[in-house]
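Following: one structure in structure tokens, then a few remarks.
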Amino acid sequence: MSYLPIIWCNDYRDNASNAVARVATEPRWLQKFGEFESERGTNHERTTGENRRHHWGSTGIGLATAKRFVKEGAYVFITGRRQAELDKAVAEIGRNVTAVQGDVSNLDDLDRLYKEVETKKGKLDVLFANAGIVEPKPTAAVSPEHYDKTFDVNARGVFFAVQKALPLMKEGGSIILTGSGIWQKGIPIYATYGATKAALRSFVRTWTAELAGKGIRANVISPGPIETPILKGQFGENTDAMKERFKTMIPMGRIGKPEEVASAAVFLASDESSYITGIDLPVDGGVVAV
Ligand SMILES: NC(=O)c1ccc[n+]([C@@H]2O[C@H](COP(=O)([O-])OP(=O)(O)OC[C@H]3O[C@@H](n4cnc5c(N)ncnc54)[C@H](OP(=O)(O)O)[C@@H]3O)[C@@H](O)[C@H]2O)c1
Numbered sequence: 002m003s004y005l006p007i008i009w010c011n012d013y014r015d016n017a018s019n020a021v022a023r024v025a026t027e028p029r030w031l032q033k034f035g036e037f038e039s040e041r042g043t044n045h046e047r048t049t050g051e052n053r054r055h056h057w058g059s060t061g062i063g064l065a066t067a068k069r070f071v072k073e074g075a076y077v078f079i080t081g082r083r084q085a086e087l088d089k090a091v092a093e094i095g096r097n098v099t100a101v102q103g104d105v106s107n108l109d110d111l112d113r114l115y116k117e118v119e120t121k122k123g124k125l126d127v128l129f130a131n132a133g134i135v136e137p138k139p140t141a142a143v144s145p146e147h148y149d150k151t152f153d154v155n156a157r158g159v160f161f162a163v164q165k166a167l168p169l170m171k172e173g174g175s176i177i178l179t180g181s182g183i184w185q186k187g188i189p190i191y192a193t194y195g196a197t198k199a200a201l202r203s204f205v206r207t208w209t210a211e212l213a214g215k216g217i218r219a220n221v222i223s224p225g226p227i228e229t230p231i232l233k234g235q236f237g238e239n240t241d242a243m244k245e246r247f248k249t250m251i252p253m254g255r256i257g258k259p260e261e262v263a264s265a266a267v268f269l270a271s272d273e274s275s276y277i278t279g280i281d282l283p284v285d286g287g288v289v290a291v
């Protein structure tokens, strides 16, 4: 299961103020990825398949963050393509949540989402644009379709999610994007994914300049390897071996938890970070630093 909280609104800030790494660069690992990809299909195909329902019961960054924000007193709107996963997320979050099914690469879906926010709550305090897909491929294997899909969701989807949120955002609002440390590392098989996350880094620099006068801050959180379904979506039967390998690369010697990313999001959403805008905050056990 995985979830995409995209928006927090209502009087969140008043309450909240209380409040990859170099993977598999060796040829033998790349070879394994190639075999895995061809045997099991794309990440999206896998994430909608039987295995996901039966075995992938962990929670993603989105769900952990939504739960934490509600705990801090927020009302949250969440979105994602799969209605069944949204229903489970709503049940798990329990209160102060509305789910609006949609695809962030579809601009009509974004309009519908924000219409719902406006109708129900009027304004937004915080936008957490967290949707992302990853289909690791060496450059030679990248098709135009793969390229477009990755950019449509990870970069274009985030861009228009922010653009369309702006009319609803209050002064003092916070925009938080989920990037990845991968864009800072030259890792084979992540040419497209890494470039989409680099785009997010650039977006927040521009938005920092454009929105500071409106009292809106914009930042990126860049997770390292985090225990969510996206790992299995990339590595399949090699997931456990990859996690062990990650541990040897991460100074803190472990994979991160979604709740640790949620904590960083709460910080960047709250007045505790009132003088911070335009940054890329790694939440990665130190892996990008070394
Ligand atoms: N876990 C890590 O190791 C890691 C590391 C660095 C960065 N990240 C980033 O963290 C973010 C969250 O990933 P995660 O680790 O929590 O994995 P996840 O559990 O697979 O979450 C991805 C979320 O994005 C949603 N999503 C994907 N495409 C979408 C679309 N077109 N429209 C709307 N929603 C869409 C998915 O929901 P549906 O499939 O239902 O649409 C899902 O809720 C991603 O941006 C990812 O790149 C993760």
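Counting from 2, one number per residue, gives the positions in the sequence shown under our numbering. No residue lacks a Cβ here, since even glycine has one placed at the ideal position from N, Cα and C.
Practice prompt. Please confirm whether any heavy atom of ligand 1 lies closer than 7 Å to the CB of Val-91.
Written response: Sequence index remark: in the sequence shown, residue 91 carries index 90 (1-based). Distance from the C-beta of Val-91 to the nearest heavy atom of ligand 1 is not below 7 Å.
Worksheet item: Taking the DSSP output, what are the residues bridged to Phe-160?
Response: Within the sequence shown, the letter at position 159 stands for residue 160. Beta-bridge partners of Phe-160 (DSSP): none assigned.
Fill in: Contact the stretch 79 to 93 vs the stretch 121 to 129: 3+ CB pairs below 8 Å
Here the stretch 79 to 93 makes no contact with the stretch 121 to 129; the two share fewer than three CB pairs at distances below 8 Å.
Discussion item. Val-262 and Pro-224 - do their beta-carbons sit closer together than 8 Å?
Written reply: By 1-based counting over the sequence shown, the position of residue 224 is 223. By 1-based counting over the sequence shown, the position of residue 262 is 261. A contact, by the Cβ cut-off of 8 Å.
Worksheet item: CB-CB under 7 Å to Leu-108, same chain, minus the five flanking residues each way: which ones, in chain order?
Response: To locate residue 108, count along the sequence shown from 1; it is residue 107. The answer, listed in chain order, is Phe-161.
Worksheet item: Run through DSSP, which three-state label would Ile-177 get?
Response: By 1-based counting over the sequence shown, the position of residue 177 is 176. Strand.
Worksheet item: So, Gly-195 versus Ile-222, is the Cβ gap smaller than 8 Å?
Response: Taking the sequence shown and counting its residues from 1, one reaches residue 195 at position 194. Taking the sequence shown and counting its residues from 1, one reaches residue 222 at position 221. No, these two residues do not count as a Cβ contact at 8 Å.
Discussion item. Let's see if you can read the secondary structure: which residues bound the alpha helix (DSSP H) around Thr-80?
Written reply: Position 79 of the sequence shown, counting from 1, holds the residue named residue 80. Where Thr-80 is concerned, there is no enclosing alpha helix (DSSP H), although the beta strand (DSSP E) it sits in stretches over 76 to 81.
Worksheet item: If you draw a straight line from the C-alpha of Thr-249 to the C-alpha of Ala-199, how long is it?
Response: The residue given as residue 249 occupies position 248 in the sequence shown. The residue given as residue 199 occupies position 198 in the sequence shown. Thr-249 and Ala-199 have their C-alpha atoms roughly 25 Å apart.
Item to complete: Any chance you could list the beta strand (DSSP E) runs of at least 3 consecutive residues sitting entirely within the stretch 204 to 271, in chain order?
Response: Fully enclosed beta strand (DSSP E) runs of 3 or longer: 218 to 224.
Fill in: Endpoints, the alpha helix (DSSP H) within which Ala-85 is located
One-based indexing of the sequence shown puts residue 85 at position 84. According to the DSSP assignment, Ala-85 belongs to the alpha helix (DSSP H) that extends over 84 to 94.
Discussion item. If you reduce the DSSP assignment to three classes, tell me which class Lys-138 lands in.
Written reply: On the sequence shown, residue 138 is found 137 positions in, with the first residue counted as 1. Of the three classes helix, strand and coil, the one that applies to Lys-138 here is strand, per DSSP.
Discussion item. Are there any heavy atoms of ligand 1 lying less than 7 Å away from the beta-carbon of Arg-157, as far as the coordinates show?
Written reply: Position 156 of the sequence shown holds residue 157. Not so, every heavy atom of ligand 1 lies at least 7 Å from the Cβ.
Worksheet item: What did DSSP end up calling Val-98 once you bin it into helix, strand or coil?
Response: As a working mapping, residue 98 is identified with position 97 in the sequence shown. Val-98 falls in the strand class under three-state DSSP.
Worksheet item: Quick one, which of Gln-164, Arg-255, Leu-201 has its alpha-carbon nearest Leu-125's?
Response: Mapped onto the sequence shown, residue 125 falls at position 124. Of the listed residues, the one whose Cα sits closest to Leu-125 is Gln-164.
Item to complete: Could you tell me if the beta carbon of Val-290 falls within a distance shorter than 7 Å of some heavy atom in ligand 1?
Response: Here the question's residue 290 lines up with position 289 in the sequence shown. Here residue 290 is Ala; the residue named in the question, Val, does not match the sequence. No, since every heavy atom of ligand 1 falls outside the 7 Å radius drawn around the Cβ of Ala-290.
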